[in-house]
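Here the structure is laid out as structure tokens; the discussion comes afterwards.
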Amino acid sequence: MSTRETPPGATDCHCHIFGPAAKFPYAEPRSYTPEDETLEDYLALLDRLELDRGVIVQPSAYDRDNACTLDALRRAPDRLRGVAVVGSEATPDTLRAMHRDGIRALRANEYRRDGAAAYHGGVRLTEIEPFFPLMAELGWHLQLWIDARHLPELEPRLATVPVPIVVDHMGRMHHSHGTSDPGFQALLRGVGEGRYMAKLSGTYRLGATKPDYLEAKPFHDALVAANPDALVWGTDWPHPRPDGGRPDAARLLRVFLDWTTDPALRRKILTDTPARLYDFPAV
Numbered sequence: 001m002s003t004r005e006t007p008p009g010a011t012d013c014h015c016h017i018f019g020p021a022a023k024f025p026y027a028e029p030r031s032y033t034p035e036d037e038t039l040e041d042y043l044a045l046l047d048r049l050e051l052d053r054g055v056i057v058q059p060s061a062y063d064r065d066n067a068c069t070l071d072a073l074r075r076a077p078d079r080l081r082g083v084a085v086v087g088s089e090a091t092p093d094t095l096r097a098m099h100r101d102g103i104r105a106l107r108a109n110e111y112r113r114d115g116a117a118a119y120h121g122g123v124r125l126t127e128i129e130p131f132f133p134l135m136a137e138l139g140w141h142l143q144l145w146i147d148a149r150h151l152p153e154l155e156p157r158l159a160t161v162p163v164p165i166v167v168d169h170m171g172r173m174h175h176s177h178g179t180s181d182p183g184f185q186a187l188l189r190g191v192g193e194g195r196y197m198a199k200l201s202g203t204y205r206l207g208a209t210k211p212d213y214l215e216a217k218p219f220h221d222a223l224v225a226a227n228p229d230a231l232v233w234g235t236d237w238p239h240p241r242p243d244g245g246r247p248d249a250a251r252l253l254r255v256f257l258d259w260t261t262d263p264a265l266r267r268k269i270l271t272d273t274p275a276r277l278y279d280f281p282a283v
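What follows is the structure in structure tokens.
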């Protein structure tokens with residue numbers, strides 16, 4: 001009898017691939033230099049966690065050079081999809097070629113500290129806006145990296161985006177601001193109304209502490225209550241620049257399973273919604 005707790009088609013919707021650096025050199029300047037964490041390492045992790053699929057998100061350390069991400073997608077097309085970073089240098093043909101390789105979204109970096117970019121690399125929403133019509137044609141979505149406290153000021157522009165909007169890491173604001181923070185409330189309203197989706201990822205990026213990350217649970221629970229059909233989950237492996245030390249991906253999955261005990265809800269978040277969002281075959 002199987003003891004597997006994850007449903008068939010379970011998907012890690014947020015990871016990064018790094019290196020080998022000799023083949024895929026990092027951008028200059030960059031905010032951090034990761035160790036090599038290769039496709040082979042990631043596929044082995046998926047197998048250990050009993051996850052069938054994964055989504056590679058282009059990391060800021062590579063800026064707009066998507067070569068490493070695209071290489072991984074081409075080598076494991078049945079298991080992987082991707083989120084790219086492109087700006088004004090790209091053309092419609094660039095995006096169509098990326099679609100053939102498994103890209104299903106573009107990522108906008110609106111994550112700010114004191115009004116300035118918190119990380120080198122990435123593109124802002126303004127550079128992606130010209131691609132919205134083609135993204136809609138391709139069935140892509142916009143992945144938004146933002147501190148939820150800044151979401152209200154961006155909402156008038158987001159209201160014109162013609163593709164789904166997926167917010168990283170539950171809004172990635174420190175848990176001390178609480179779920180009543182106006183920015184998180186804006187995220188909740190948007191999720192509840194179907195205007196936004198959210199990733200139940202990066203619990204440690206909210207400043208929550210090991211091993212149970214309980215400070216993040218109110219945010220998780222509020223999003224689930226708002227709209228369980230608008231959520232996906234991810235490891236954020238290999239946890240670049242983690243706050244409070246590198247977490248264990250198996251522990252992060254355990255926490256999610258402990259917080260999400262209903263089998264139907266697990267399947268919705270881990271399998272069914274990711275399949276629709278990232279264009280995986282239905283299971």
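Numbered according to the UniProt record's numbering, the sequence shown spans residues 1 to 283.
For glycine and all other residues, C-beta sits at the position ideal for the given N, C-alpha and C.
Beta-carbon proximity of residue i to residue j, cut-off 8 Å
| i | j | result |
| --- | --- | --- |
| Val232 | Leu277 | yes |
| Pro211 | Ala186 | no |
| Ala148 | Arg172 | yes |
| Gly54 | Asp93 | no |
| Val123 | Leu142 | no |
| Glu35 | Phe24 | no |
| Gly207 | His174 | yes |
| Glu127 | Ser88 | yes |
| Trp196 | Trp145 | In the sequence under discussion, the amino acid at residue 196 is Tyr, which differs from the Trp named in the question. No. |
| Phe132 | Val166 | no |
Length of the line joining the Cα atoms of residue i and residue j
| i | j | result |
| --- | --- | --- |
| Leu106 | Val86 | 7 Å |
| Leu188 | Ala22 | 43 Å |
| Ala226 | Pro77 | 33 Å |
| Met1 | Pro7 | Here Met1 scores only 39 on pLDDT, less than 50, and its place in the model should not be relied on; the value that follows carries that caveat. So the alpha carbons of these two residues sit roughly 15 Å apart. |
| Arg267 | Leu253 | 14 Å |
| Ala282 | Ala108 | 28 Å |
| Glu37 | Ala275 | 25 Å |
| Ala222 | Cys68 | 35 Å |
Cβ neighbours of residue i in the same chain (closer than 6 Å, five flanking residues each side left out)
| i | result |
| --- | --- |
| Leu70 | Asp101 |
| Pro29 | His120 |
| Thr203 | Tyr213, Ala216 |
| Arg241 | Tyr32 |
| Glu50 | Arg4, Thr6 |
| Asn66 | Gln58, Ala84 |
| Asp279 | Arg104 |
Where the beta strand (DSSP E) containing residue i begins and where it ends
| i | result |
| --- | --- |
| Gln143 | 141-145 |
| Met197 | 197-200 |
7 Å Cβ shell around residue i - same chain, five flanking residues per side excluded
| i | result |
| --- | --- |
| Leu134 | Pro92, Leu95 |
N- and C-terminal bounds of the alpha helix (DSSP H) containing residue i
| i | result |
| --- | --- |
| Trp259 | 249-259 |
| Lys23 | Taken as a continuous stretch (DSSP letters only), Lys23 belongs to no alpha helix (DSSP H), as it is neither H nor E. |
Any non-hydrogen atom of the ligand ADP within 7 Å of residue i CB
| i | result |
| --- | --- |
| Leu252 | Of ligands this structure carries none, so the ligand ADP is not represented either. |
Same chain, Cβ closer than 8 Å to residue i, neighbours up to 5 away in sequence not counted
| i | result |
| --- | --- |
| Pro263 | Pro7 |
| Thr271 | Pro7, Pro8, Gly9, Ala10, Thr11, Val283 |
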